[in-house]
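Written out below as structure tokens is the structure these notes cover.
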Amino acid sequence: MNRESYFHIVNELYHKIETDDSRLPGWTSAAEVLLYRQTGDEVYLKSIHALLKVILDDYRQVGVVQPGLRLTGFKIPYRIVLLARVCLDEGVLTDGEIVVLKQFFTDLLTEAEYERGSMNRAFGYLAAIHPVLEWVPDHPKRTELLEVEQIVLADLKTYYEADEDSYGYGALTMVNMITWLEESALEDVYQHPKLRQCFENILDMWSGIGRASIYGDWRPTEPAWGWYLCAMEKAASVYQDGRYKWAARVIFDNYKRTLQEKPEWFHHHDLYGLTLAFQCADDTVQEVVPNSSSKVIYRNNGCPERAILRAGWEAGDLLAMVSLASGNEHGHSDPLAINGLIGEGVILEDNGRSGVEPFFHNVLHVADQKEDFPVSKMKVPLDQWQTVRASFESQRNYGRFRPESSFPFDYTHQVGNDIPRAFAFDPERESVFLIGLKVYGDGYDFDLGSVTLVGDDGRREITDFQNQKWVGLSSIELGTDGKPVGRFHVTQTVSDNPAKETSDWATTIYIGVKLPEPFSIERDGFHSFEVDYKFSGQTPQDVVQLFCIGESEGYPRKWMFNELPHHPVQVKAFHDNVDFTHGIFDYSEKSHSGRAIHRSRELFFTKNRQHDFLMVRDKVCVSDKAPYMAAPLWHVMNPVDLGDGWFEVAYEGRALIWLLPKPESTVEIRTWKSLDYFDSGPYNTHVIYRGKACDGGEETLFETLIIPLGRDEDGKEVKDMVKLASSHEQVLTIGAEQHVLI
Numbered sequence: 005m006n007r008e009s010y011f012h013i014v015n016e017l018y019h020k021i022e023t024d025d026s027r028l029p030g031w032t033s034a035a036e037v038l039l040y041r042q043t044g045d046e047v048y049l050k051s052i053h054a055l056l057k058v059i060l061d062d063y064r065q066v067g068v069v070q071p072g073l074r075l076t077g078f079k080i081p082y083r084i085v086l087l088a089r090v091c092l093d094e095g096v097l098t099d100g101e102i103v104v105l106k107q108f109f110t111d112l113l114t115e116a117e118y119e120r121g122s123m124n125r126a127f128g129y130l131a132a133i134h135p136v137l138e139w140v141p142d143h144p145k146r147t148e149l150l151e152v153e154q155i156v157l158a159d160l161k162t163y164y165e166a167d168e169d170s171y172g173y174g175a176l177t178m179v180n181m182i183t184w185l186e187e188s189a190l191e192d193v194y195q196h197p198k199l200r201q202c203f204e205n206i207l208d209m210w211s212g213i214g215r216a217s218i219y220g221d222w223r224p225t226e227p228a229w230g231w232y233l234c235a236m237e238k239a240a241s242v243y244q245d246g247r248y249k250w251a252a253r254v255i256f257d258n259y260k261r262t263l264q265e266k267p268e269w270f271h272h273h274d275l276y277g278l279t280l281a282f283q284c285a286d287d288t289v290q291e292v293v294p295n296s297s298s299k300v301i302y303r304n305n306g307c308p309e310r311a312i313l314r315a316g317w318e319a320g321d322l323l324a325m326v327s328l329a330s331g332n333e334h335g336h337s338d339p340l341a342i343n344g345l346i347g348e349g350v351i352l353e354d355n356g357r358s359g360v361e362p363f364f365h366n367v368l369h370v371a372d373q374k375e376d377f378p379v380s381k382m383k384v385p386l387d388q389w390q391t392v393r394a395s396f397e398s399q400r401n402y403g404r405f406r407p408e409s410s411f412p413f414d415y416t417h418q419v420g421n422d423i424p425r426a427f428a429f430d431p432e433r434e435s436v437f438l439i440g441l442k443v444y445g446d447g448y449d450f451d452l453g454s455v456t457l458v459g460d461d462g463r464r465e466i467t468d469f470q471n472q473k474w475v476g477l478s479s480i481e482l483g484t485d486g487k488p489v490g491r492f493h494v495t496q497t498v499s500d501n502p503a504k505e506t507s508d509w510a511t512t513i514y515i516g517v518k519l520p521e522p523f524s525i526e527r528d529g530f531h532s533f534e535v536d537y538k539f540s541g542q543t544p545q546d547v548v549q550l551f552c553i554g555e556s557e558g559y560p561r562k563w564m565f566n567e568l569p570h571h572p573v574q575v576k577a578f579h580d581n582v583d584f585t586h587g588i589f590d591y592s593e594k595s596h597s598g599r600a601i602h603r604s605r606e607l608f609f610t611k612n613r614q615h616d617f618l619m620v621r622d623k624v625c626v627s628d629k630a631p632y633m634a635a636p637l638w639h640v641m642n643p644v645d646l647g648d649g650w651f652e653v654a655y656e657g658r659a660l661i662w663l664l665p666k667p668e669s670t671v672e673i674r675t676w677k678s679l680d681y682f683d684s685g686p687y688n689t690h691v692i693y694r695g696k697a698c699d700g701g702e703e704t705l706f707e708t709l710i711i712p713l714g715r716d717e718d719g720k721e722v723k724d725m726v727k728l729a730s731s732h733e734q735v736l737t738i739g740a741e742q743h744v745l746i
């Protein structure tokens, strides 16, 4: 791709937009600045000046806090930088406007919330730090803000990648990082091998048709082409690597084709990304087609993130992605999920926000109760004491590749889910323990018995309800053993709309205690903590709670209820050659009632055959003898039941899915309506599965065959070509081709 092509499409798309998207960070402002810089047309300068005047008028009326959002947000600052820079350079501002602008900058730096962590919001805010400080050089928070930048830079340098395991949020993190590093003269960071590996991992997600599957918390109607084009062009430029130039071209071509077929998929943030792609592009870099094959991608901390199964890089070559991590920020807790399958189009995606869509995406699902199938209700046991233990390393095991929280205590403005000021503490003298309760439903009681730090050399209980001053507890009462317990009675409801009675919509109420001694997870010799608690009353079916411990860094480290320490996916086998890829992946976890579950997913992935396919073998074993429900769930669009467990599905691409026969099992089609509060678009709205009530203690096998179809192929004809014979080995025949599945 070249700069001329980017400029042409930015110019074309800009003139199709009637207004700026005021809820987002000024995507069109960047395009206007580019168009003015390149053409010199005063029309763009007048528009830039007019928009800045609107923002300053709003500031005069309401200050820097965004109306309706209750915060200044990371979204404003860099937008203002782009507009102000042009207006100041061109001398179009009056003396009075300059005074208001500088006061605006002063208040913005004073009031704006900033966050830490290698994530999009932290980087997006910091992109404006240096330009704004140049305009208000003696700002009273100057030293503090530059220290914040160094803290976030250290977070980036911990693993040199985005914390957020989401297709869109990960791309936005990279875009904001690119802008921040340029504005702060930190571009030497690109030369670190781990950041280069991060870009390599991004490249591996893409197929020869210029698409990657949407995964994590993101919306399929926003494939974020512009952001990824920016990332590819930056990598091509700084590494002088033609593979990224090739990727930019196929993504760009797919983008243009898609806009012809689905013009409604155009989004303001694509315009912003295309503008940055123009700025990053180096036209001297020549395209090179990548030649890598199937591989396991690891995070830079060594944790496996996903397996890439690839037939090739040509358009239409089959590509699959398998999730090997759990619980990542903005990702779904679906280890072993096939969160992407692409042939001539996207066939399977891991789409839908986890808080408002079903939790399980193309994965073997296990539920304690039949009525919890296929969507687990995450029921909280009532009227019984239970103990959970959370390892201080558990966030890494869950795939949350950093121990710090992404938010500090010193927010200037209270926002719904911020930790209250009552828990601010001096880390040199104090520590803090918090529990966040989601408040909705008809009301329930939460009883807290004890919190105990656990180490190799002993245990230490840190709760004392008789002498400690707890914040938020309704009462202190005697438990059945005569020891005091803390009780909190929840009475509020979050919404009058039952469809929104989910954790994403719930208010968080924090209870906890400040402890009169400093505490360091690293230095004090404790490896985990245990919490004894009980719920009573009408608990919501998917109530979610949060444990936090704030210690020597002054930030809380957080863990979730019901998440006992479990391990990342184990790569038991992975073999790749020119004909096929074979992988075996294991995962152990706890059910919500505490039962030990072991799952294994074995994959056979063929390459360059007349009919490539993906064979999935799922095995599950639950430790105790009690029965359970299990089935591989496949989230699809437009399923057509062909009988005998066969379905034809059509998303962007088409495929046959065969749920292989299994005694005493039933084939089901379920439909759900999206609860997403965004314009959800073409989410996969059906779940197909072959489910079985299984006996605990015994291993159970499920098998699924997926055959992508060409655009003109007849699914029924291909189905009739498939035969599967089993003796000591499985032999799969599709037409004239035979495959031995060892």
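In this note's numbering, the protein residues as written are 5 to 746.
C-beta atoms are modelled at their ideal positions from N, C-alpha and C, and glycine is treated no differently.
Since this is a predicted model, take the numbers as computed values, not measurements.
query                                                                                                                                                                                 : result
Once DSSP output is grouped into helix, strand and coil, what is the label at residue 27?                                                                                             : Residue placement at residue 27 is poorly supported in this model, since its pLDDT is 43, which falls under 50; the coordinates are not used for a value here.
Using the beta-carbon count (16 or more within 10 Å), is residue 527 buried or exposed?                                                                                               : exposed
Looking at C-beta atoms only, is the number of pairs between the region 637 to 647 and the region 604 to 619 that lie closer than 8 Å three or more?                                  : no
Considering residue 632, what are the terminal residues of the beta strand (DSSP E) in which it resides?                                                                              : 632 to 640
Find the nearest neighbour of residue 634 within the set 588, 647, 702, 711, judged by alpha-carbon distance.                                                                         : 702
Sorted by chain position, which residues of the same chain lie with C-beta nearer than 6 Å to residue 456's C-beta, five sequence neighbours on each side aside?                      : 463, 465, 534
Could you please give me the residues that DSSP links to residue 325 through a beta bridge?                                                                                           : 312, 344
Within this structure, are the beta carbons of residue 310 and residue 165 separated by less than 8 Å?                                                                                : no
Is residue 138 buried or exposed, if buried means 16 or more other CB atoms sit within 10 Å of its CB?                                                                                : exposed
Name the DSSP beta bridge partners of residue 693, please?                                                                                                                            : 672
Return helix, strand or coil for residue 170, following the three-state DSSP convention.                                                                                              : coil
Please return the same chain residues whose Cβ sits closer than 8 Å to the Cβ of residue 482, not counting the five positions on each side in sequence.                               : 488, 489
Please report the straight-line C-alpha distance between residue 431 and residue 517, rounded to a whole angstrom.                                                                    : 14 Å
Kindly provide the ranges of any alpha helix (DSSP H) runs that are 4 or more residues long and lie completely inside the region 693 to 742, ordered along the chain.                 : 719 to 724
How should residue 669 be labelled, buried or exposed, when 16 other C-beta atoms within 10 angstroms of its C-beta is the threshold for buried?                                      : buried
Could you check which residue in 220, 373, 113 has the C-alpha nearest to that of residue 697?                                                                                        : 373
Whole angstroms is fine: what's the gap from residue 685's alpha carbon to residue 225's?                                                                                             : Caution applies to residue 685, whose pLDDT of 46 falls short of 50 and renders its modelled position unreliable; the model cannot decide the point.
Taking only three categories from DSSP, how would you classify residue 110?                                                                                                           : helix
Would you check if the distance between the CB atom of residue 235 and the CB atom of residue 325 is smaller than 8 Å?                                                                : no
How would you label residue 74, buried or exposed, when you count the other beta carbons within 10 angstroms and need 16 or more for buried?                                          : Bear in mind that the predicted position of residue 74 carries a pLDDT of just 41, short of 50, making it too unreliable to give a figure here.
Relative to the alpha-carbon of residue 215, which residue among 287, 223, 227, 436 has its alpha-carbon at the smallest distance?                                                    : 227
Note the first and the last residue of the continuous alpha helix (DSSP H) segment covering residue 257.                                                                              : 246 to 265
Can we say the region 149 to 165 touches the region 194 to 209, given the rule of at least three CB pairs closer than 8 Å?                                                            : yes
Keeping to the same chain, check which residues put their C-beta closer than 6 Å to that of residue 504; ignore five residues upstream and five downstream.                           : Unreliable positioning characterises residue 504 in this predicted model, as indicated by a pLDDT of 46, which lies under 50. The coordinate reading is nonetheless provided below. So no residue of the chain qualifies.
At the level of alpha carbons, what is the spacing between residue 722 and residue 231?                                                                                               : 38 Å
Terminal residues of the continuous alpha helix (DSSP H) containing residue 135?                                                                                                      : 133 to 139
Nearest-angstrom Cα distance between residue 728 and residue 573?                                                                                                                     : 30 Å
Residue 87 and residue 52: beta carbons closer than 8 Å?                                                                                                                              : yes
Label residue 295 either buried or exposed according to how many other C-beta atoms from any shown protein chain fall within 10 Å of its C-beta, with 16 as the threshold for buried. : exposed
Could you name the residues that DSSP lists as bridge partners for residue 393?                                                                                                       : 534
Mapping the DSSP letters down to three states, classify residue 197 as helix, strand or coil.                                                                                         : helix
Distance, Cα to Cα, residue 176 vs residue 124?                                                                                                                                       : 6 Å
Could you check what DSSP says for residue 403 in three-state terms: helix, strand or coil?                                                                                           : Residue placement at residue 403 is flagged as unreliable, the pLDDT there being 25, under the threshold of 50; the coordinate-derived value follows with that caveat. Residue 403: coil per DSSP, three-state reduction.
How far does the beta strand (DSSP E) with residue 289 in it extend, from its first residue to its last?                                                                              : Residue 289 -> no beta strand (DSSP E), and no H or E assigned at all.
Which one of 493, 244, 470, 440 has the shortest CA to CA distance from residue 450?                                                                                                  : 493
DSSP on residue 87, reduced to helix/strand/coil?                                                                                                                                     : helix
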